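For what it's worth, our numbering labels the leading residue of the sequence shown as 13, then goes sequentially. All C-beta atoms in this analysis are idealised placements derived from N, C-alpha and C, irrespective of residue type, glycine included. As the structure is a computational prediction, the values presented were derived from the model and not from experiment. Data first, discussion second: the structure below is written as structure tokens.
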Amino acid sequence: MISILIPVYNYSIINLGKELLKQGAKLKVPYEIIFFDDASVNCKITQSNQLFCENNNISYIISHENKGRAKARNLLAQKAKYEWLLFMDSDVIPVTSIYLKTFVLSIHDDSQVFYGAIVYRRNLDKNTQKCLRWKYGINYEEISVKRNHKSNYLYLKTANLMVRKSVFQSILFPVLEQNYGYEDTIFGLTLETNNIKLEFIENPVYHEGIEVNSVFLNKTEESIRNLAALISKEEILCKRIKVVNFYFFLKKINGVKFVKYLFKKNRNFMKKNLLSENADLKIFQLYKIGYLCYLLA
């Protein structure tokens, strides 16, 4: 009934695999677990992941080229044999011991897509090089879902998403120019455009694989480059995204070049803050709009 589909890149899946096996054993419906190793370069982790899966009758597919998150998930969906596709990330862990059961019990005849949300542990050392990702997760990913639970298309994350297979096959994850950034948002908005029903349920996972500030900032720049490329192709869809909507406001008042100038002048100062142990989310938001204007001015 449920195919649990998880892309992997240089990350140990053993803790997640054990938890899913423990919960799956209590289900009264058939399930499968498929991992897709997207050309990881850490051989030690890949070998231990592969051995664990072999010993537990779990599929572990290894790709010889890096396909990116969207292609990896689309390929996983092709391999799935059950009606429901549960997409997770390799660096999450269910919050409750009835995570899989909650999804199963939520299914009814007209169900199409379920989103279970992502949360963050509160025990991270505040003086850490991971504070930017942690602060952003708590203040934007968690809060956005809580405040907008009736219109979560804009905020869904594929780290915890269950989709009916026939629905997914009609949409697929968008393959963007960069490997990281806004695929989830565009997928959610495409669901909304096609009037596909999205149900939010209280069934969260913890995001465990929090990147250091420098990695997260690099990924953010990659995601903004995705947005810059998308705007010319999907302007109406992209305007639903706050940073893009603000860009068009600046464009309307002829302010894009001025913001680009300010960004270039202050970029090093902002990066210094964002890479520090006291990263400021307001500066982070200014950095994103500044970088978008820098790319599009």
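Using CA coordinates, which residue listed in the options is at the minimum distance from residue i?
{"i": "asparagine 164", "options": "Lys113, Asn22 and Lys209", "result": "Lys209"}
{"i": "methionine 100", "options": "Ile45, Gln181 and Asn67", "result": "Ile45"}
{"i": "lysine 277", "options": "Tyr303, Ser15, Glu31 and Leu88", "result": "Tyr303"}
{"i": "alanine 310", "options": "Leu287, Ile222, Met174 and Glu234", "result": "Summary: the structure shown does not reach residue 310, with the chain confined to residues 13 through 309, and so no result is reported for it."}
{"i": "lysine 169", "options": "Val104, Gln59 and Ile57", "result": "Val104"}
{"i": "tyrosine 72", "options": "Asn86, Gly29 and Gly36", "result": "Gly29"}
{"i": "tyrosine 111", "options": "Tyr299, Ala241 and Val217", "result": "Val217"}
{"i": "valine 53", "options": "Val41, Arg252, Gly36 and Asn78", "result": "Asn78"}
{"i": "lysine 231", "options": "Tyr194, Ile213, Lys251 and Asn22", "result": "Tyr194"}
{"i": "aspartate 122", "options": "Gly267, Asn151 and Glu211", "result": "Glu211"}
{"i": "tyrosine 306", "options": "Val20, Lys263 and Leu249", "result": "Lys263"}
{"i": "glycine 221", "options": "Ala51, Arg133, Asn86 and Ser75", "result": "Arg133"}
{"i": "leucine 63", "options": "Glu31, Ile26 and Gly149", "result": "Ile26"}
{"i": "methionine 13", "options": "Leu39, Leu188, Ile57 and Asn238", "result": "Leu39"}
{"i": "asparagine 225", "options": "Val179, Leu286 and Phe180", "result": "Leu286"}
{"i": "tryptophan 96", "options": "Ser178, Asn238 and Phe258", "result": "Ser178"}
{"i": "tyrosine 43", "options": "Asp50, Ile70 and Glu66", "result": "Ile70"}
{"i": "phenylalanine 180", "options": "His76, Tyr94, Phe115 and Phe261", "result": "Tyr94"}
{"i": "leucine 203", "options": "Val187, Asn290 and Ser182", "result": "Ser182"}
What does DSSP give as the partner residue(s) for residue i in the beta ladder?
{"i": "arginine 176", "result": "Trp96"}
{"i": "histidine 219", "result": "Val104"}
{"i": "leucine 39", "result": "Beta-bridge pairing links leucine 39 to no other residue."}
{"i": "leucine 210", "result": "Val125"}
{"i": "serine 71", "result": "Ile46"}
{"i": "isoleucine 265", "result": "According to DSSP, which records beta bridges pairwise, isoleucine 265 is partnered with nothing at all."}
{"i": "isoleucine 130", "result": "Val217"}
Let me confirm a value: residue i is counted as buried when at least 16 other C-beta atoms fall within 10 Å, else exposed. Which label applies?
{"i": "arginine 176", "result": "buried"}
{"i": "glutamine 120", "result": "The sequence given here has histidine at residue 120, not glutamine. The residue in question, histidine 120, is exposed, as its Cβ has fewer than 16 Cβ neighbours within 10 Å."}
{"i": "histidine 219", "result": "buried"}
{"i": "valine 271", "result": "buried"}
{"i": "serine 244", "result": "exposed"}
{"i": "cysteine 55", "result": "exposed"}
{"i": "threonine 205", "result": "exposed"}
{"i": "phenylalanine 281", "result": "exposed"}
{"i": "threonine 108", "result": "exposed"}
{"i": "lysine 83", "result": "buried"}
{"i": "glutamine 35", "result": "buried"}
{"i": "isoleucine 236", "result": "buried"}
{"i": "isoleucine 265", "result": "exposed"}
{"i": "isoleucine 248", "result": "exposed"}
{"i": "serine 102", "result": "buried"}
{"i": "alanine 37", "result": "exposed"}
{"i": "phenylalanine 126", "result": "buried"}
{"i": "isoleucine 155", "result": "exposed"}
{"i": "proline 19", "result": "buried"}
{"i": "leucine 117", "result": "exposed"}
{"i": "asparagine 207", "result": "exposed"}
Determine the extent of the beta strand (DSSP E) in which residue i is found, giving its start and end residues.
{"i": "phenylalanine 185", "result": "Per DSSP, phenylalanine 185 belongs to no beta strand (DSSP E) and is neither H nor E."}
{"i": "isoleucine 16", "result": "14–20"}
Write down the C-beta distance between residue i and residue j rounded to the nearest angstrom, noting that I regard them as a contact closer than 8 Å.
{"i": "leucine 98", "j": "serine 24", "result": "Not confirmed; about 20 Å, so no contact."}
{"i": "alanine 171", "j": "isoleucine 130", "result": "6 Å"}
{"i": "isoleucine 301", "j": "valine 255", "result": "5 Å"}
{"i": "alanine 241", "j": "lysine 269", "result": "With 8 Å as the limit, alanine 241 and lysine 269 do not qualify as a contact, their Cβ atoms being about 20 Å apart."}
{"i": "tyrosine 68", "j": "leucine 33", "result": "The question names tyrosine, yet the displayed sequence has asparagine at residue 68. About 6 Å; that satisfies the 8 Å criterion."}
{"i": "glutamate 234", "j": "tyrosine 192", "result": "5 Å"}
{"i": "leucine 17", "j": "arginine 85", "result": "7 Å"}
{"i": "leucine 144", "j": "leucine 229", "result": "7 Å"}
{"i": "glycine 128", "j": "isoleucine 213", "result": "6 Å"}
{"i": "asparagine 22", "j": "isoleucine 57", "result": "6 Å"}
{"i": "phenylalanine 48", "j": "leucine 87", "result": "6 Å"}
Start and end of the alpha helix (DSSP H) containing residue i?
{"i": "isoleucine 295", "result": "293–308"}
{"i": "glutamate 246", "result": "Run containing glutamate 246: none; DSSP gives neither H nor E here."}
{"i": "lysine 147", "result": "143–148"}
{"i": "glycine 200", "result": "195–205"}
{"i": "serine 288", "result": "It is not in any alpha helix (DSSP H) - serine 288 carries neither H nor E in the DSSP assignment."}
{"i": "lysine 91", "result": "81–91"}
{"i": "valine 116", "result": "111–118"}
So is residue i in contact with chain D if we call contact Cβ pairs under 8 Å?
{"i": "asparagine 215", "result": "The structure shown contains no chain D; it is built from a single protein chain."}
Taking 7 Å as the cut-off, does the CB of residue i come closer than this to any heavy atom belonging to the ligand GDP?
{"i": "alanine 89", "result": "The ligand GDP is not part of the structure shown, which contains no ligands of any sort."}
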